[in-house]
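This report refers to the structure that appears directly beneath it.
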Amino acid sequence: MNITLPAIVLLFFSLSLSAQVEMIGFEDLRPELEKEDDTVRVINFWATWCAPCVKEMPYFVKAHEKYRDQKVKFLLVNLDMPSNLEELVLPFMERFNIQAKVVLLDDPDANRWIPVVDQRWTGAIPATVIYKRNLRTFVEGTLTFEELDGYISDKL
Amino acid sequence: MIISLPESSRARPSNSPKGEDRANPLPVFYNNKGETAEGIGQSYLAFYNNVTAYYSCIRGNEQRTTNNEQNFKHMKKRIFGIFGMALFAVSLMAQPAALQVGDKAPSFNLLNVDGEYVSLSDYSDQKGVVLIFTCNHCPYAVAWEDRIIALHHRFADEGFPVVAINPNDSVVVPADSYTEMQKRAREKGFPFPYLLDAEQDIYPLYGATRTPHIYLLERGEDGGFYVRYIGALDNNYREAHAVTETYLADAITALLKGEDPDPTETRAIGCTIKKQD
Chain L
-6 MNITLPAIVL LFFSLSLSAQ VEMIGFEDLR PELEKEDDTV RVINFWATWC APCVKEMPYF
54 VKAHEKYRDQ KVKFLLVNLD MPSNLEELVL PFMERFNIQA KVVLLDDPDA NRWIPVVDQR
114 WTGAIPATVI YKRNLRTFVE GTLTFEELDG YISDKL
Chain A
186 MIISLPESSR ARPSNSPKGE DRANPLPVFY NNKGETAEGI GQSYLAFYNN VTAYYSCIRG
246 NEQRTTNNEQ NFKHMKKRIF GIFGMALFAV SLMAQPAALQ VGDKAPSFNL LNVDGEYVSL
306 SDYSDQKGVV LIFTCNHCPY AVAWEDRIIA LHHRFADEGF PVVAINPNDS VVVPADSYTE
366 MQKRAREKGF PFPYLLDAEQ DIYPLYGATR TPHIYLLERG EDGGFYVRYI GALDNNYREA
426 HAVTETYLAD AITALLKGED PDPTETRAIG CTIKKQD
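If you read the protein sequences in the order shown, they are chains L and A.
Taking the working numbering, the leading residue of the first sequence gets -6, the next gets one more, and so forth.
Taking the working numbering, the leading residue of the second sequence gets 186, the next gets one more, and so forth.
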């Protein structure tokens, strides 16, 4: 009994985390890059093995919290191997307290989709798109919180 | 020993196919290629537990372009006109333009894992060179490693051997140190040179931003090497058997037939090249 309850809680917790991370192909992601509404969208490409991605993740968490009540949507596009979802990605999300939406982009044919995300992207990660309609910022490399905050607020 | 310094690297060659329209040095300003200091991905848990300490010591530059910055760049253009050559010279040293297909490849003379120096001009008896910026630690580099070895075995005798260059700073990424390179080359039995860009002054001349980043070079009639293809080895880093496009092998095959590669450029996800501040 003493063990069962925490076990059940843990199970539900991990299930809810799993449910948060959808595995998608690029065609599922594409609409997120082409919205025409008045919401600022922040789309960050990252992986758990990528140190500069890990470095900037707290800034995305902080910005997500800061803009929670405004028209700003975050999408964290994970590029880990799908087989590492349970073992690496979910614990990482828990550890960094990531509340923003995370998807795992399971689409290894990157040559096809990298230029669609942004023509300037050479393929190194992290990479971040921040846009509202035709106001568009693309960054290949790490962001500071101040930079991220600035790129969001100048589009609000 | 062959001393080969960048006879071609600082200036746009006039005999390059795209020479005319790329002769203007201004794109140097636009080409704000940045490299971000990155750590090791492989010892995931280790750096995970030391995130704060780990990141306090690294900092990167970024490539960023915004709509507003476009205006700023126009301003830079004017500044260029005013300050002229001095500024130009400084900017060239700071941020060389990335090579394009058709450009002459900068020479290099770098230390191999066997203790000898290897220069691009050592390959003047070959049809070309498959130059690959790669490293030990990057999961993508590791994923493509066996296919790089196989490609060398397939094309070296036909005149297109592989030359691998590790562009990473070993202080930022200890797993990419010269000793670790030697170890990796031995373990995998690399049949090609694995060179260290110790001063980190070669990869910026090529405009490499990630590992792996491939430059297929063909020797021209003037004896120089020219870039014929830039990009990825194939279209699936994860599984060799799921590959449907063998970009690099197709490009080499085209050159062997006297044809132009198509496509001439592809992209792939990769690890940022790591340097210190």
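Glycine residues also receive a C-beta, built at the ideal position from the N, C-alpha and C atoms.
Residue i CB to nearest chain L CB: under 8 Å?
i: residue 391 of chain A; result: no
i: residue 447 of chain A; result: no
i: residue 400 of chain A; result: no
i: residue 394 of chain A; result: yes
i: residue 456 of chain A; result: yes
i: residue 451 of chain A; result: yes
i: residue 294 of chain A; result: no
i: residue 379 of chain A; result: no
i: residue 352 of chain A; result: no
i: residue 308 of chain A; result: no
i: residue 360 of chain A; result: no
i: residue 411 of chain A; result: no
i: residue 324 of chain A; result: yes
i: residue 460 of chain A; result: no
i: residue 302 of chain A; result: no
i: residue 421 of chain A; result: yes
i: residue 282 of chain A; result: no
i: residue 235 of chain A; result: Confidence in residue 235 of chain A is poor, its pLDDT being 38 and thus under 50, which makes the residue's placement unreliable; the coordinate value appears in the next sentence. No, no contact with chain L.
If you run the structure through DSSP and keep just helix, strand and coil, what is residue i?
i: residue 29 of chain L; result: coil
i: residue 16 of chain L; result: strand
i: residue 304 of chain A; result: strand
i: residue 88 of chain L; result: helix
i: residue 39 of chain L; result: strand
i: residue 194 of chain L; result: A question about residue 194 of chain L goes unanswered here, because the residues of chain L that appear run from -6 up to 149.
i: residue 23 of chain L; result: helix
i: residue 83 of chain L; result: helix
i: residue 450 of chain A; result: strand
i: residue 150 of chain L; result: The shown model of chain L, from -6 to 149, leaves out residue 150 of chain L, and the question about it has no answer.
Under the rule that 16 or more other beta-carbon atoms within 10 Å means buried, what is residue i, buried or exposed?
i: residue 90 of chain L; result: exposed
i: residue 429 of chain A; result: exposed
i: residue 390 of chain A; result: buried
i: residue 426 of chain A; result: exposed
i: residue 442 of chain A; result: exposed
i: residue 134 of chain L; result: buried
i: residue 137 of chain L; result: exposed
i: residue 149 of chain L; result: exposed
i: residue 369 of chain A; result: buried
i: residue 102 of chain L; result: buried
i: residue 109 of chain L; result: exposed
i: residue 74 of chain L; result: buried
i: residue 407 of chain A; result: exposed
i: residue 24 of chain L; result: exposed
Flag residue i as yes when its Cβ comes closer than 7 Å to any non-hydrogen atom of the ligand SAM, and as no otherwise.
i: residue 356 of chain A; result: Ligands are entirely absent from the displayed structure, and the ligand SAM is therefore not among its contents.
Could you please give the first and the last residue of the uninterrupted beta strand (DSSP E) stretch that includes residue i?
i: residue 290 of chain A; result: Neither: residue 290 of chain A is in no beta strand (DSSP E) and is coded neither H nor E.
i: residue 364 of chain A; result: That residue, residue 364 of chain A, is in no beta strand (DSSP E); its alpha helix (DSSP H) goes 363 to 373.
i: residue 143 of chain L; result: Looking at the DSSP string, residue 143 of chain L is not in any beta strand (DSSP E); the run it does join, the alpha helix (DSSP H), is 138 to 146.
i: residue 130 of chain L; result: 128 to 133
i: residue 399 of chain A; result: 398 to 404
i: residue 124 of chain L; result: 120 to 125
i: residue 69 of chain L; result: 65 to 71
i: residue 428 of chain A; result: Per DSSP, residue 428 of chain A belongs to no beta strand (DSSP E) and is neither H nor E.
i: residue 284 of chain A; result: It is not in any beta strand (DSSP E) - residue 284 of chain A carries neither H nor E in the DSSP assignment.
i: residue 138 of chain A; result: Nothing in the structure corresponds to residue 138 of chain A, since chain A is present only between 186 and 462.
i: residue 457 of chain A; result: 455 to 457
i: residue 381 of chain A; result: 379 to 381
Return the first residue and the last residue of the alpha helix (DSSP H) that residue i is part of.
i: residue 410 of chain A; result: Per DSSP, residue 410 of chain A belongs to no alpha helix (DSSP H); it is in the beta strand (DSSP E), 410 to 416.
i: residue 46 of chain L; result: 44 to 59
i: residue 438 of chain A; result: 432 to 441
i: residue 93 of chain L; result: Note, residue 93 of chain L: premise wrong, no alpha helix (DSSP H); not H, not E.
i: residue 340 of chain A; result: 324 to 340
i: residue 353 of chain A; result: Element bounds for residue 353 of chain A: n/a, residue is neither H nor E.
i: residue 422 of chain A; result: Segment: none, residue 422 of chain A is in no alpha helix (DSSP H) and carries neither H nor E.
i: residue 390 of chain A; result: 388 to 391
Less than 8 Å between CB atoms is the rule here; does residue i satisfy it with respect to chain A?
i: residue 116 of chain L; result: yes
i: residue 30 of chain L; result: no
i: residue 16 of chain L; result: no
i: residue 142 of chain L; result: no
i: residue 102 of chain L; result: yes
i: residue 86 of chain L; result: no
i: residue 72 of chain L; result: yes
i: residue 42 of chain L; result: yes
i: residue 107 of chain L; result: yes
i: residue 45 of chain L; result: yes
What does residue i reach in chain D if we use C-beta pairs closer than 9 Å?
i: residue 417 of chain A; result: Going by chain labels, chain D is absent from the structure shown, which instead holds the protein chains L and A.
Counting Cβ pairs closer than 8 Å, one from the region 370 to 385 of chain A and one from the region 318 to 336 of chain A, do we hit at least three?
yes
Counting Cβ pairs, one atom from each stretch, are 3 or more of them under 8 Å apart for the region 48 to 64 of chain L and the region 137 to 147 of chain L?
When C-beta atoms of the region 48 to 64 of chain L are compared with those of the region 137 to 147 of chain L, three or more pairs fall below 8 Å, so the two segments count as touching.
May I ask you to verify whether the region 400 to 413 of chain A touches the region 284 to 293 of chain A, counting CB pairs closer than 8 Å and requiring at least 3?
yes
Say whether the region 37 to 44 of chain L touches the region 109 to 121 of chain L, bearing in mind that this needs 3 or more beta-carbon pairs closer than 8 Å, one atom from each stretch.
yes
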